[in-house]
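Novice: Residue numbers (our numbering): 151 to 295.
Structure representation (structure tokens):
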């Protein structure tokens, strides 16, 4: 019987209130678990192999107060929809919020071909939404031989 691999990937969602209104925006997604050479935001892919993958998102608010803002504010994931999909939810992906600053996507990758799943990480700060839009790429199985 073939064993299904289960992997954990960690993504840190960094919210910088001093970048609100700036050209890059206040959210940067970072991870050492994916083979990339840049931040994960703005459509950069998260490539996942066959099997079951847990993608754990940890939200961190950097110190700093935007003009007219409250210095005690912390960013949180949107409590009703921390992760959404522009084209509707995929049956292969399950979102599980854990705390206001922690969320997990469970990816059941049995795809036989490369399959992209664009999604949006929804962060709330000072009652305003701040989305970021990376892409999960489910990779097909590696050829044997």
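Idealized CB from N, CA, C, for every residue including glycine.
(1) Round the Cβ separation of residue 196 and residue 281 to the nearest angstrom and send it over; I've been treating them as touching at under 8 angstroms.
(2) Are the Cβ atoms of residue 207 and residue 232 separated by less than 9 angstroms?
(3) Throw me the rounded Cβ distance for the residue 251 and residue 209 pair, which I believe falls under 8 angstroms.
(4) Taking DSSP's pairing of strands, which residues face residue 233 in a bridge?
(5) Is residue 169 helix, strand or coil when you go by DSSP?
(6) Using only the alpha-carbon positions, how far apart do residue 187 and residue 255 sit?
(7) Consult DSSP for residue 277 and reduce its assignment to one of helix, strand or coil.
(8) Beta-carbon separation of residue 154 and residue 201 under 9 angstroms?
(9) Taking the C-alpha atoms as reference points, what is the distance between residue 272 and residue 248?
(10) Given this structure, state the Cα-to-Cα distance separating residue 212 from residue 226, to the nearest angstrom.
(11) According to DSSP, simplified to helix, strand and coil, what is residue 247?
(12) Express the C-alpha separation of residue 158 and residue 165 in angstroms, rounding to a whole number.
(13) Give me, in chain order, the residues of the same chain whose beta-carbon lies closer than 8 angstroms to that of residue 260; leave out the 5 immediate sequence neighbours on both sides.
(14) Can you give me the C-alpha to C-alpha distance between residue 246 and residue 216, rounded to a whole angstrom?
Specialist: Checking against the coordinates, here is how it stands:
(1) Wrong, their Cβ atoms sit about 16 angstroms apart, outside the cutoff.
(2) yes
(3) 4 angstroms
(4) 271
(5) helix
(6) Low per-residue confidence applies at residue 187: pLDDT is 45, beneath 50, and the placement is therefore not dependable enough to give any value.
(7) coil
(8) yes
(9) 14 angstroms
(10) 12 angstroms
(11) strand
(12) 22 angstroms
(13) 200, 242
(14) 30 angstroms
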